Structure formats: structure tokens, C-alpha cells
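Everything on this sheet refers to the single structure shown next.
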Amino acid sequence: MKFDRIAHAMSGVNYKNFHDVEVSEFDAVVVGCGFAGAVCASELARNGKKRVLIIEKRDHIGGNMYDEYDETGVLVHKYGPHIFHTSSKLAADYIQKFTKTIPYEHRVKADIHGTYMPVPFNKTSMEIAFGAERANELTHKLIKKFGNEVKVTINELRQEEDKDLAEIADYVYENVFLHYTEKQWGLTPEEVDPSVTARVPIFISRDDRYFQDRYQFMPKEGYTKLFENMLDHKNITVALNTEAESVFGLEFEGDAEDDKLTGITIQYKKFDKPIIFTGPLDELFLGRFGRLPYRSLDFKFETLDKEYEFPCGTINYTVSEDFTRITEYKHLTGQKCDKTTIMKEYSRAYEDPKNQIPYYAIINEENNAHYEKYKNLVDSTPNFYAIGRLAEYKYYNMDQIIEKAILLAQEILDK
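In the working numbering, each number is its position in the sequence shown, counted from 1, plus 1072.
Structure follows, in C-alpha cells:
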């Protein structure tokens, strides 16, 4: 897959080489062009009439949401599947200001010893795993204990002493949770933060959708086009292939390692206007306290000479294979064509910032304390705003980031 420079040139985004811009002419600088940075820039430009410069280290906009057409014409997400779902009308309306959408409800099946069953594990999964008669008995027990049409985390279920509930817990833990978690995080389940394990529930329901949010859809023309529309404004300039750490000068209170940041220079001049930073804080400070731990991902794309390979958008491999899941993109995008593209996803340790991308923060008390050492450096810099998965070392869904970015932009304008 190649970066489409013709489409890039034809978009309405104002691209410039960083060395050809005069930073002092801008009212704000945004680092990173994923949802956090792009929404902030769009809001500042449209609602506040601010001139905004976005600097992005990649050669494209859209962050990890970037998508493109492969050589067979299938629209693929370069950095893994992104499905928009939310119960927030604010986030849903915001997306739909910049793109037409198509309805899409994501469904995932686990390949368990060659048998597909829905995940999250639900009543249908129960019948596949235990047979109809036994599943009916076990489901009755679940409903009596927890209620119907509710979600129960694997941790909650494993605490139950009832032997039937324990049987369900043991099956789900071993076949759905344990090996998948070890592959995904490189940790045992006991080492993974409870906020992560809580995202793997058992659903006492026939609803086999992966998400139950009120609004579920995909951008009709893809995420890249959505971002182009969002950034198509006379007050927004985008400089690609530009790393913040290469163009920022950092000023500190003193020479000690933990002395606080007092200001940032850009093009050798102090920039006192808002700087919205969406990248990893440890990289901005060149890892002075050591690198924050993340999980990274590798992707292997394959084109198959058939209309579809799988029954749904994603297949999780919970007990076999060295990859975690396969995504078949045509299920997500609604495209119709003779061939299909699938993507195998491999989880890796994040060890090389120059050649790997940090995807998931490994959240625990020790790592949170590690992050706070970096956060403390910028707390006294009033024009520096850290937002997003990387800058805040947290897990966010897209809709959460959109809401946070809208609110941050309004906070900046109110000042």
C-alpha cells in the first residue's frame, strides 16, 4: 500500500512544509493529527477563528484512524480496525457534521478449537459450548444470580462459589480470556489492570453485537476523508513529517532532572500561545525518566480471490495462533467487490520508538506513577495542554476523545 499523493494534493487541507511556515503567525500549535488534535484544531479555527498549525510526524493525517485503498481497491485501516460507536449524541453529531455515514454494528466471533462462537460470551455462545440442554440450566442460574440482559465481568463470575457458575467461569476464563490476554498484553491475567479485564464481559443476552451503544456507524467514504473535511478550513495549516521533539526547544526551571518545564520555543522563539500535545510525553522529554511501557502491534495484510472469507468483521483467536485476531474490512466498510482483504494482528512489546507505534498503555500503579513524573514536568506550564491516549497514558475510545477535545477547545477559547 502506498500513500496516495494525488488524493493528498486534491484534498482541501492546507499542507505546508514546516520550514516554510512562520510559527509566530499562528494562535495555537497542535501536535498530532488524530482525533484529539484534529478536533481541537477544527474547533479553535471554526468557533474561535484562531489560526492553528498542526504538526504531525507521519506523512498523513488521521492518526491511527487513517485508511486507504489497497491495490485491489479494498478500503483498509492501516493501523487496525476502528469502529465508531457511542452513546454520546455530542460525539455522534460531531462526526456527522463532516461525513455521511453508513450503519454498521460490529460482530466478533472467537475461533475456539475451530468452532466460531460470539464474543462477548453470551447465551448463544453458551449453547455452542455446552449444548442446548446444559446451556439452559446454566443460563437459568446466571439469570437468577445476576439478572437478564446484563453484563457480568469474568472477575465477578470467578468469585462465585456455586459449582455451575464456576463451570461457566472456568470455561470462559480458559477458552476466551486467558490465552488471548496473554497474547495481547504479554502478561498473565493477574498482572493486567482490572480496568482492562472489565472490558471482557459475559453478556446474559441474545444480543450478539460487540457494542450496545445507541449510535453505531462508519464514515461512508472512510476516516481519511472525514479528517480531510474536518481540517478543510482557511485557518488550519498542517505540516507533515514533523516531530515535535525536533522543532521544540524546552526551557526548564533549572538543570535538575525533575525541574519543571517553564516554556517552549519554536523556531528559536518563545511560544506563549496554546500548545495542544497529543503524543507520548516521555518522547517529548527524550525518555529522561525511562520509556513508558506500551504494547505495540504488527499487521499482516492478505488479499484473497473470493468475495468473503469470514462470517463477520473480526475473528478472535483465543486458544490458537500467534496472532490475536483477523479483521476482514469489507464487513466494516460495506464495500462490494470480487476480492477481499484480511488483516492478521500481532501484539508485541514496544521497544523501538523509531520503528514501532505505541498503541496501548500498560496501566498499573507502577506505570501510572512513572507517567506522573512526566506529567509533573508540564503542570506549571499554563499554555501546554496534554490530551489523548498517549499524552494522558490512558485508554480512550474515539467518542471519548472527541468529547474531551471539544471541551478542551472551548476551555481554551473561554480563557
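For glycine and all other residues, C-beta sits at the position ideal for the given N, C-alpha and C. Model, not experiment: these values are computed from the prediction.
Evaluate the contact criterion for the region 1351 to 1359 versus the region 1137 to 1147: three or more CB pairs, one atom per stretch, below 8 Å. No, because fewer than three Cβ pairs between the region 1351 to 1359 and the region 1137 to 1147 fall closer than 8 Å, the two stretches do not touch.
Can you list, in chain order, the residues of its chain whose CB lies under 6 Å from that of residue 1299, leaving out five sequence neighbours each side? Looking up residue 1299 in the sequence shown gives position 227. These residues qualify, in order along the chain: 1110, 1133 and 1134.
By the DSSP assignment, the beta strand (DSSP E) with residue 1388 in it spans what residues? Taking the first residue of the sequence shown as 1, we reach residue 1388 at position 316. Element bounds for residue 1388: 1386 to 1389.
Spell out the partners DSSP gives residue 1087 in its beta bridges. Reading the sequence shown from its first residue, position 15 is the one you call residue 1087. BP columns for residue 1087 point to 1310.
Using a threshold of 8 Å, state whether the C-beta atoms of residue 1386 and residue 1175 are closer than that. For the purposes of this step, residue 1386 is taken as residue 314 along the sequence shown, with counting starting at 1. For the purposes of this step, residue 1175 is taken as residue 103 along the sequence shown, with counting starting at 1. Using a Cβ distance threshold of 8 Å, residue 1386 and residue 1175 do not count as a contacting pair.
Counting Cβ pairs closer than 8 Å, one from the region 1095 to 1110 and one from the region 1301 to 1318, do we hit at least three? Yes, they touch.
Measuring CB atoms only, is the region 1218 to 1226 touching the region 1271 to 1278, in the sense that at least three cross pairs come out at less than 8 Å? The region 1218 to 1226, when compared against the region 1271 to 1278, does touch it at the 8 Å Cβ threshold.
Under 7 Å Cβ to Cβ from residue 1097, same chain only, skipping five residues before and after it: list those, please. In the sequence shown, counting from the first residue as 1, residue 1097 sits at position 25. Take residue 1097, set aside five residues on each side of it, and the residues of its chain with a beta-carbon closer than 7 Å to its own are 1123, in chain order.
Cβ of residue 1335 within 8 Å of Cβ of residue 1453? Your numbering for residue 1335 matches position 263 in the sequence shown. Your numbering for residue 1453 matches position 381 in the sequence shown. For residue 1335 and residue 1453, yes; Cβs fall inside 8 Å.
Assuming the contact rule is C-beta atoms closer than 8 Å, residue 1372 and residue 1416 should be a hit. Round their C-beta distance to whole Å, please. Counted from its first residue, the sequence shown places residue 1372 at position 300. Counted from its first residue, the sequence shown places residue 1416 at position 344. Contact flag correct, Cβ pair sits at about 4 Å.
Report the residue ranges of all beta strand (DSSP E) runs contained in full by the region 1349 to 1405; include only those spanning at least 3 residues, in chain order. Fully enclosed beta strand (DSSP E) runs of 3 or longer: 1366 to 1376, 1386 to 1389 and 1397 to 1400.
Put residue 1251 into one of helix, strand or coil per three-state DSSP. Translated into positions along the sequence shown, residue 1251 becomes position 179. Residue 1251 falls in the helix class under three-state DSSP.
Are the beta-carbon atoms belonging to residue 1376 and residue 1418 less than 8 Å from one another? As a first step, residue 1376 is located in the sequence shown; it is residue number 304 there, counting from the start. As a first step, residue 1418 is located in the sequence shown; it is residue number 346 there, counting from the start. Their beta carbons are not under 8 Å apart, which means residue 1376 does not touch residue 1418 by this criterion.
Quick one: residues in its chain with C-beta nearer than 8 Å to the C-beta of residue 1089, no 5 flanking neighbours on either side, listed in chain order? Your numbering for residue 1089 matches position 17 in the sequence shown. Taking C-beta separations shorter than 8 Å and ignoring five residues to either side along the sequence, the partners of residue 1089 in its chain run 1311, following chain order.
Considering only residues of the same chain and omitting the five flanking positions on each side of residue 1197, which have a CB-CB separation below 6 Å? Counted from its first residue, the sequence shown places residue 1197 at position 125. For residue 1197, where only same-chain residues beyond five positions count, the Cβ hits under 6 Å are 1189 and 1190.
DSSP state of residue 1473 mapped onto helix, strand, coil: In the sequence shown, the residue the question calls residue 1473 occupies position 401. Residue 1473 sits in a helix when the DSSP states are folded into three classes.
Complete runs of the alpha helix (DSSP H) confined to the region 1174 to 1216 [at least 4 residues]: The region 1174 to 1216 contains these whole alpha helix (DSSP H) runs: 1195 to 1202.
Which of the three DSSP states is assigned to residue 1223 in this structure? Taking the sequence shown and counting its residues from 1, one reaches residue 1223 at position 151. Strand, per DSSP.
In chain order, which alpha helix (DSSP H) runs of at least 4 residues are fully inside the region 1107 to 1177? Uninterrupted alpha helix (DSSP H) stretches at least 4 residues long and entirely within the region 1107 to 1177 occur at 1107 to 1120 and 1161 to 1170, given in chain order.
Between the region 1425 to 1435 and the region 1386 to 1396, do three or more beta carbon pairs fall short of 8 Å? For the pair of segments examined, the region 1425 to 1435 was found not to touch the region 1386 to 1396: the number of CB pairs separated by less than 8 Å stays below three.
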